[in-house]
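Numbering (this note's numbering), first residue to last: 264 to 812.
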Ligand SMILES: Cc1cc2nc3c(=O)[nH]c(=O)nc-3n(C[C@H](O)[C@H](O)[C@H](O)COP(=O)(O)OP(=O)(O)OC[C@H]3O[C@@H](n4cnc5c(N)ncnc54)[C@H](O)[C@@H]3O)c2cc1C
């Protein structure tokens, strides 16, 4: 276009109307390795919908118009309502329609793996609405500890017809769930919780308690119910707190204010108080609140890894697309050798994150549908590792992908504005549900709970003998595991195991070029910035594989 002052040219145009699934070869190859004959059409449909310009516009609007708290009605009565932009509801409705929440619990083998793939794809559309979706997915194993509640709520937790109304759950075909653990004085150390639970009565849903206290972080407060930790006489316990009681009366959850967050802006995160009149139903045994809520937390940790892998793929696609259109110094950026190295390195990281997150989902799936001891151990050990390593790499990845777009990557406007949103979103997956150190320390606990060394040796065996750096590290791993008792070394060990498992997965379901480049850049040297791939790396092959055809 010609303007009075200058001609606008050499600006990239966003990729629009792309099928996020069909164009994601690393994801498709990883899926095929786990599920050789999977049901592809639902993913094709989701990929088309999530990549559509119309849905991407809803994502932008939901973030531009963050939720508002209406604590009181005009007459001054407390109502504790959060108002969201219609695009938020539309996106959340789409996520439920595609079964990203409770539906895998009703599916057969493979359902959790397919849901994991779908979750990654949806993240490329809008990640913050996935917060309540993830919590709704994750609650089922914990809720089973109260069979009456599970029987009453199980079906609607898998319902696909999202209903945003704040009405008793009996009037809804689908419900969503949240969780309340973190208090002002401590989030990682939930044993410091001060919210109190006093026994009230025995009911058809089991033992009911009155809760008094607060939660400092309480995301998606318009969910239909929450799992909440509180101190009962026998110790910290887990409670089911619905917005409405079975008799149709409101169960007061006072929303004090909404957090003004760095990212995750379409989603509301609140501070709440329970004033003694909030009823919670005991889930599991009194005093067993931590293991009870961890049954939920281990699955939201899976989703942190999946979500970050999805965001990486989205950022990579934006960077690749820009590089293929933007000229500098007389050549496309994507043809400049150093930019090729950066983009190819990002592609390696993205594929490795996808592979590791999906491997964890497969372990979840296998341990839910059978008694395979190897998969049970892999689930236990890969949960903290995937959450730690993928999320830790996420922010670094987003910064580098943003830099590929130059200044346009840093602005909020237009197609490139998505990059700024991704960058702001990244850190939350690393912080919530157990920050990096907590995950690394959990890995040390996992090492004490099972013969992890043997399970990892089995996991890595198929890739042995293929790359010297891989063999060297894999050989030394059992001794490293045995000798790592010092907490200060927990991150180093988590990183090492993550890289080895990622390499083994790439050997299994990616190309020789990807495997070799990953090992050379991550196992043979400690690459601290992207773009340090050795000379001779087949950059074009790596970029060709990553490009969303
Ligand atoms: C957007 C957002 C939404 C959230 N939503 C929810 C929600 O819905 N429900 C909910 O319950 N919580 C929620 N949280 C809270 C989140 O889970 C906590 O912030 C997180 O668990 C960390 O707890 P904390 O903030 O109290 O930090 P702290 O526990 O004080 O930790 C601070 C730092 O110290 C480190 N640390 C702690 N202990 C050790 C140790 N022993 N050794 C070494 N390092 C250690 C941690 O890794 C962390 O880096 C949300 C947070 C965010 C940002």
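Here a beta-carbon is modelled for each residue, glycine too, at the ideal position from N, C-alpha and C.
Pull up the distance between the alpha-carbon of residue i and that of residue j, whole angstroms please.
i	j	result
residue 744	residue 756	8 Å
residue 607	residue 312	27 Å
residue 329	residue 768	39 Å
residue 571	residue 267	44 Å
residue 596	residue 589	6 Å
residue 598	residue 610	15 Å
residue 337	residue 580	47 Å
residue 473	residue 465	12 Å
residue 522	residue 343	15 Å
residue 302	residue 399	23 Å
residue 285	residue 812	8 Å
residue 544	residue 446	20 Å
residue 733	residue 782	6 Å
residue 385	residue 668	23 Å
residue 643	residue 686	29 Å
residue 519	residue 438	23 Å
residue 601	residue 764	28 Å
May I ask which residues mark the beginning and end of the beta strand (DSSP E) holding residue i?
i	result
residue 544	532-546
residue 419	Unbroken run through residue 419 is the alpha helix (DSSP H), 410-420; no beta strand (DSSP E).
residue 651	Segment 636-667 is the alpha helix (DSSP H) holding residue 651; no beta strand (DSSP E) there.
residue 442	440-443
residue 588	Here residue 588 belongs to no beta strand (DSSP E), and DSSP marks it neither H nor E.
residue 491	488-495
residue 459	459-466
Measure from the alpha carbon of residue i to the alpha carbon of each residue in the options, then state which is nearest.
i	options	result
residue 774	673, 758, 788 and 726	726
residue 468	509, 399 and 444	509
residue 673	295, 693 and 578	578
residue 314	365, 387, 336 and 372	387
residue 723	540, 759 and 552	759
residue 409	555, 701 and 731	555
residue 382	373, 369, 397 and 600	397
residue 665	425, 576, 428 and 706	576
residue 277	584, 425, 569 and 516	584
residue 462	480, 802, 539 and 414	539
residue 762	701, 587, 788 and 405	788
residue 682	623, 639, 389 and 593	389
residue 746	710, 526, 731 and 480	710
residue 275	771, 620, 670 and 433	670
residue 369	516, 697 and 419	419
residue 416	444, 489 and 455	489
residue 808	305, 460 and 614	614
residue 702	496, 752, 310 and 503	752
residue 291	482, 333, 379 and 319	379
Could you name the residues that DSSP lists as bridge partners for residue i?
i	result
residue 477	536
residue 332	345
residue 518	535
residue 695	The partner list for residue 695 (beta bridge, DSSP) is empty, contrary to what the question assumes.
residue 801	Answer is none; residue 801 lacks a bridge partner.
residue 595	590
residue 373	BP columns for residue 373 are empty, so no partner.
residue 472	462 and 543
residue 482	532
residue 680	Answer is none; residue 680 lacks a bridge partner.
Sorry if obvious, but does the Cβ on residue i come closer than 7 Å to a heavy atom of ligand 1?
i	result
residue 478	yes
residue 695	yes
residue 396	no
residue 623	no
residue 698	yes
residue 443	yes
residue 655	no
residue 481	yes
residue 451	yes
residue 773	no
residue 658	no
residue 500	no
residue 603	no
residue 820	It is not possible to answer for residue 820, since the shown part of the chain is limited to 264 through 812.
residue 685	no
Could you please give the first and the last residue of the uninterrupted alpha helix (DSSP H) stretch that includes residue i?
i	result
residue 499	It is not in any alpha helix (DSSP H) - residue 499 instead sits in the beta strand (DSSP E) that spans 498-505.
residue 796	That residue, residue 796, is in no alpha helix (DSSP H); it is neither H nor E in DSSP.
residue 782	Taken as a continuous stretch (DSSP letters only), residue 782 belongs to no alpha helix (DSSP H), as it is neither H nor E.
residue 281	From DSSP, residue 281 is part of no alpha helix (DSSP H); its letter is neither H nor E.
residue 625	600-632
residue 322	316-327
Let me check you understand the geometry: is the CB of residue i closer than 7 Å to at least one non-hydrogen atom of ligand 3?
i	result
residue 393	Annotation note on ligand 3: not contained in the displayed structure, which lists ligand 1 as its ligands.
Less than 8 Å between CB atoms is the rule here; does residue i satisfy it with respect to chain B?
i	result
residue 369	Looking at the structure shown, chain B is missing, and only one protein chain is on hand.
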